[in-house]
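Chemist: Residue numbers for the sequence shown follow our numbering, beginning at 482 and rising by one. Quick one: the structure is below, questions incoming.
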Amino acid sequence: MEENNKQINEKPVKNKHGKERKSRGNYITKGIVVLIALAIVAFILVISPNYKNEEITDRTNVIINNNNITAHLKKEVYIDEKGNIYLSMEDLENFYDSFIYYDEQYNQIITTDNNKIGVMVVGENEIKINDSIIRTAAPAIQKDDTYYLPIFELQDVYHMEATYIEETDILLLDSLNRSQQKADASKNLSVKSRMKFFSRTVDKVEQGEKVVLISTSEDGWAEIRTERGKIGYVKEDKLANVISVREEMPEEEKLKRVSLVWDYYSEYVTAPDRSGTTIEGVNVVSPTFFALKRLGQGDIIDKAGEEGQAYVEWAKEQGYEVWAMFSNESMIETTSEIMNDFKLREKTIKGIVDLAVKYGVDGINIDFENMYMEDKDLFTRFIVELAPRLKDYGMTLSVDVTAPDGGETWSQCFDRYNLAKNVDYMIFMGYDQHGESSTVAGSVAGYDWVKLALDKFVGKQEGVPKEKMILGIPFYTRVWYETEGEDLDSDVIDMADTESYISRRFPSSVERVWNDETKQNYIEYNNGSTTYKMWIEDNQSIQEKLNLAREYELGGVAFWAKDREDESVWEIVKQYLEE
């Protein structure tokens, strides 16, 4: 009773302001509630995104070299009733061959990669790869205005391995020129979508199961691909027996610097006899071995013969590579006929490859000039189709081009950007700034003109990689005759003959003046009604052009042409080559 009265009489404890104090227990309870709420919010904001399913599950997934590119496909993968798997031409263009081509004339698709060219006639169960015709399980098809190619039939062309996993509806495409490692799971593993324990599980791997090891991170995670094609993460220390399945294919070694000289001779004479001679400062020679036959529908004139074979043997004894020139002899109609017909392009390519193999040359230098501007893209196609055939034999492909922004048949007939993507080297013929048809006298190869052209080549306008650019330098100049009442006239003067010409035609009192724009010695003489003008190519001007090649870090230099030079020039060329 006393105790009950005591409880009844107890009054709540009040603070000094007369307010009741809250009990400590209430505070603790509410604190716990707040912490739980914060934890839930933190989970929602930080952890739950790790469990978000970002997989595409409504269509076939495509994984190229361990990258899931399904979301970037322009067309869905098509699988026919026989199980043949197709990718669209647009997607092959995007991921494998940016130059894949539908040839309307022959209703065929042409695709290339590295050292292979594949041709599939739409609707026919065969593919031609280089010179081999192979029966296929499935043809190229047209479906809903889109062309599709059977991807398994292109494994050899694209040098890759295709695998379809029906269980997960995943198409794996692995390039065989890339390295690959595999490992064993040392225990049963959950493969995570992210490098976090608290993340979604994308697959499970049993102990001893093989996985592809894609990469490892500094904090101990490994990115893997499971046998079911799923890509995710496990801790690296849970993998064992890492082995290398494939090594990275090394890039072919190229010359540190190219120093090429063209060795010109006409079809009416035999290849020059260079036995017993050495050209200092040169590591590549380009004899004019081959030319198109006029209106020959791809027939090639072989100017090499026994003398050419001896020339190749001499060059190799000297340690020179031989890049045989193949010229169209500026025959615009003959060239256009070939460019506009795949079968003629194919015939021409087979012919030049066969000749290159026959004589054992190291490469081909394409010298096609005077072409229709309308054939620009088709000339690029010719190079696209030629490149893999030469690469199949380990040969170098170079193409000669003129300065940008010239005439339609002289300059605008070249797509330099796309040509550069398909050749080993692009040679800028840095001469004929003022040529035979010029209406004003001027330098054949002024420094300022060459420099401006190089800015266009390796700059944004043409976008040619500097290491692929070779600067062509002339071993000749022109003497100009300006006569009142007559058309401008000129003669070509070889570098080797320049001094003797000047001593014969110009009085000894006429002085040479250094032109700092063209970086050439200039000489002028008025003889009655005729004024003689000459921008001289000599060792000094050649040195300035070599300095440009150094400044722009070009792939090298080339010289037109052998036997037109002053022998002393090779010493400064040798210095450039050996730097």
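C-beta atoms are modelled at their ideal positions from N, C-alpha and C, and glycine is treated no differently.
Using a Cβ-based criterion (distance less than 7 Å to any ligand heavy atom), does serine 817 qualify as near the ligand ZN?
Modeler: Inclusion of the ligand ZN in the displayed structure is not the case, the ligand content being empty and no account of it being possible.
Chemist: If distances are taken between C-alpha atoms only, which option among Lys663, Tyr628, Ile581 and Asp700 comes closest to phenylalanine 678?
Modeler: Ranking the options by Cα distance to phenylalanine 678, first place goes to Asp700.
Chemist: To the nearest angstrom, report how far apart methionine 852 and proline 631 are at their CA atoms.
Modeler: Looking at the two C-alpha atoms, the distance is approximately 36 Å.
Chemist: Could you spell out where the beta strand (DSSP E) holding glutamine 1001 opens and where it closes?
Modeler: Counting along the chain, the beta strand (DSSP E) containing glutamine 1001 begins and ends at 1001-1008.
Chemist: Just how far apart, CA to CA, sit valine 1054 and glycine 757?
Modeler: Each residue's Cα considered, the two are about 21 Å apart.
Chemist: Could you pull out every residue in the same chain whose Cβ sits closer than 7 Å to the Cβ of glutamate 483, ignoring the five residues on either side in sequence?
Modeler: Model confidence at glutamate 483 stands at a pLDDT of 44, short of 50, so the residue's coordinates are unreliable and nothing is read from them.
Chemist: Could you give the DSSP three-state label for glutamate 557: helix, strand or coil?
Modeler: In this structure, glutamate 557 counts as coil in the three-state DSSP scheme.
Chemist: Examine the Cβ distances between the segment 879-890 and the segment 598-609 and report whether three or more of them are shorter than 8 Å.
Modeler: As far as the Cβ criterion goes, the segment 879-890 does not touch the segment 598-609, which means the pair count is below three.
Chemist: Let me know the secondary structure DSSP gives aspartate 783 once reduced to three states.
Modeler: The answer is strand: DSSP assigns aspartate 783 an E or B state.
Chemist: Looking at C-alpha atoms only, which residue of Val726, Leu694, Ser725 and Lys719 is the closest neighbour of isoleucine 712?
Modeler: Selected option, being the one with the closest Cα: Leu694.
Chemist: Apply the 10 Å Cβ neighbour rule to valine 1038 and answer buried if 16 or more other Cβ atoms are within range, or exposed otherwise.
Modeler: Flag for valine 1038 reads buried.
Chemist: Could you please give the first and the last residue of the uninterrupted beta strand (DSSP E) stretch that includes glutamate 642?
Modeler: Unbroken beta strand (DSSP E) run through glutamate 642: 641-646.
Chemist: Applying the 10 Å Cβ sphere with the 16-neighbour rule, what's the burial state of valine 692?
Modeler: Burial call: buried.
Chemist: Compare the C-beta of isoleucine 614 with all C-beta atoms of chain D and state if any pair is closer than 8 Å.
Modeler: In the structure shown, chain D cannot be found, because there is only a single protein chain.
Chemist: Which value, in whole angstroms, describes the spacing of the CA atoms of glutamate 917 and aspartate 744?
Modeler: Each residue's alpha carbon lies about 22 Å from the other.
Chemist: Is the beta carbon of isoleucine 819 sitting closer than 8 Å to the one on leucine 825?
Modeler: In this structure, leucine 825 lies closer than 8 Å to isoleucine 819 by Cβ.
Chemist: Exposed or buried, which one is alanine 552 when buried takes at least 16 other CB atoms within 10 Å?
Modeler: Exposed is the call here.
Chemist: Determine the burial state of tryptophan 995: buried for a count of at least 16 other Cβ atoms within 10 Å of its Cβ, exposed for fewer.
Modeler: So tryptophan 995 counts as exposed.
Chemist: For phenylalanine 938, which three-state DSSP category applies?
Modeler: Correct three-state label for phenylalanine 938: helix.
Chemist: Taking the alpha helix (DSSP H) that isoleucine 581 falls in, what are its first and last residues?
Modeler: Neither: isoleucine 581 is in no alpha helix (DSSP H) and is coded neither H nor E.
Chemist: Skipping 5 residues on each side, what residues in its chain have a beta carbon closer than 8 Å to that of leucine 969?
Modeler: Once the five neighbours on either side are set aside, the close Cβ partners of leucine 969 are Ser919, Thr920, Val921, Ala922, Trp961, Tyr962 and Glu963.
Chemist: What does a CB cutoff of less than 7 Å around tyrosine 645 pick up in its chain, not counting 5 residues either side in sequence?
Modeler: Correct list, in chain order: Ile566 and Leu652.
Chemist: Under the assumption that glutamate 1018 contacts valine 925 (Cβ atoms under 8 Å), give the Cβ distance between them as a whole number of angstroms.
Modeler: Glutamate 1018 to valine 925, Cβ: 7 Å. Contact.
Chemist: Can you look up arginine 959 in the DSSP assignment and give me helix, strand or coil?
Modeler: Correct three-state label for arginine 959: strand.
Chemist: What does DSSP give as the partner residue(s) for serine 1022 in the beta ladder?
Modeler: Answer is none; serine 1022 lacks a bridge partner.
Chemist: Just curious, the beta strand (DSSP E) that serine 453 is in, first and last residue?
Modeler: The displayed coordinates of the chain run from 482 to 1060. Any statement about residue 453 would go beyond what the structure contains.
Chemist: Which residue comes first and which comes last in the beta strand (DSSP E) that contains valine 672?
Modeler: That run of the beta strand (DSSP E) goes 670-673.
Chemist: In angstroms with no decimal places, state the Cα-to-Cα distance between valine 723 and glutamate 943.
Modeler: Those two C-alpha atoms are separated by around 46 Å.
Chemist: Go to proline 768, then tell me how far its beta strand (DSSP E) extends in each direction, as first and last residue.
Modeler: That run of the beta strand (DSSP E) goes 765-768.
Chemist: Within the segment 811-837, note down every full alpha helix (DSSP H) run reaching 4 residues or more, in order along the chain.
Modeler: DSSP runs (the alpha helix (DSSP H)) wholly in the segment 811-837: 813-820.
Chemist: Give the C-beta separation of phenylalanine 1066 and alanine 884 to the nearest angstrom, bearing in mind that I take them to be a contact with Cβ-Cβ under 8 Å.
Modeler: Here the chain has residues from 482 to 1060 only, and residue 1066 is not among them.
Chemist: Does the pairing of the segment 659-669 with the segment 714-728 give three or more beta-carbon distances under 8 Å?
Modeler: Cβ pair count under 8 Å is three or more, so yes.
Chemist: Does the contact criterion of 3 or more C-beta pairs under 8 Å hold for the segment 999-1009 versus the segment 865-875?
Modeler: The segment 999-1009 vs the segment 865-875: no contact.
Chemist: Going straight from the alpha carbon of alanine 901 to that of glycine 786, what length do you get?
Modeler: Spanning the two alpha carbons is a distance of roughly 31 Å.
Chemist: So what does isoleucine 622 bridge to, in DSSP terms?
Modeler: According to DSSP, which records beta bridges pairwise, isoleucine 622 is partnered with Tyr629.
Chemist: Can you round the beta-carbon distance between isoleucine 608 and glutamate 634 to whole angstroms, since I take them to be within the 8 Å contact cut?
Modeler: Right, their Cβ atoms sit about 6 Å apart.
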